[in-house]
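In my numbering, the protein residues as written are 721 to 784.
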């Protein structure tokens, strides 16, 4: 069972899932594929930052 953390970005409202720990099968797989169940170990909210996708979009519009 792989463990993930779920981060909610308050400014944009998006959520992101990040891997914390791979399971035994994913650690031994060259592509880290997990075909079993996964579990969210921790959840937290980011108040000061937007998600990576929104940040990139904002940078594109600010530069041009």
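Glycine included, each C-beta is placed from N, C-alpha and C at the ideal position.
Everything numeric in this text was worked out from a predicted model, so none of it was measured.
Inspect the beta-carbon positions of residue i and residue j and report whether they are closer than 9 Å.
{"i": "residue 774", "j": "residue 754", "result": "no"}
Rounded to whole angstroms, what is the Cα-Cα separation between residue i and residue j?
{"i": "residue 776", "j": "residue 782", "result": "10 Å"}
{"i": "residue 731", "j": "residue 743", "result": "32 Å"}
{"i": "residue 778", "j": "residue 740", "result": "28 Å"}
{"i": "residue 752", "j": "residue 727", "result": "21 Å"}
Write down the C-beta distance between residue i and residue j rounded to the nearest angstrom, noting that I regard them as a contact closer than 8 Å.
{"i": "residue 760", "j": "residue 735", "result": "At roughly 11 Å, the Cβ-Cβ gap does not stay under 8 Å, so residue 760 and residue 735 are not in contact."}
Using alpha carbons as the reference points, say which of the options lies closest to residue i.
{"i": "residue 757", "options": "767, 749, 745 and 763", "result": "745"}
{"i": "residue 729", "options": "762, 738 and 766", "result": "766"}
{"i": "residue 738", "options": "749, 748, 750 and 764", "result": "764"}
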